[in-house]
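Numbering (my numbering), first residue to last: 705 to 871.
All C-beta atoms in this analysis are idealised placements derived from N, C-alpha and C, irrespective of residue type, glycine included.
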């Protein structure tokens, strides 16, 4: 296989950007920018998210059995970059971003355009990422959406010509 062609082909898959959050029973929080996310079922409503197996977010989500996807909107580039690194909770903020505790116990960011809270129903551990499948148990919007909802979502290419993930 041509390694450069493989990398280019896999980078042709468009990705939205989300902040995956969770809180362990011991009070440790996870907040990580992720982009391998897709809806996996209508009934029940399921989403799938790829998470690096060696990350603290992986450990926290797996032990908590729940997570939230905080959807970032166009123009929230700074928010995406903030959660490229591991950060600790400071009161009701993580990385300077205010959050409230959702129905599942996962942090929901006030600045997020939308959120989906999920109960973890399956974990597929293969390769350097695991696939977490979650049933959506709560969802919300911070403002009404005019037009196509997917036009509002921050996507990986919005972060610049040199920012890639995958391949």
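- Distance between residue 852 and residue 834 (C-alpha atoms, nearest Å): In this structure, the alpha-carbon of residue 834 lies about 30 Å from that of residue 852.
- Excluding five sequence neighbours on each side, which residues of the same chain lie with their C-beta closer than 7 Å to the C-beta of residue 867? Excluding sequence neighbours, residue 867 sits near 860.
- Item | First through last residue of the beta strand (DSSP E) which encompasses residue 710 | Taken as a continuous stretch (DSSP letters only), residue 710 belongs to no beta strand (DSSP E), being part of the alpha helix (DSSP H) at 707-715.
- Query: DSSP state of residue 830, grouped into three classes?
  - Reply: Strand, per DSSP.
- Query: Looking at the structure shown, is residue 782 part of a helix, part of a strand, or coil, going by DSSP?
  - Reply: In the structure shown, residue 782 sits in a helix (DSSP, three-state: H, G or I).
- When you compare only the Cα positions, how much space is there between residue 842 and residue 769? Going by C-alpha positions, residue 842 is about 15 Å away from residue 769.
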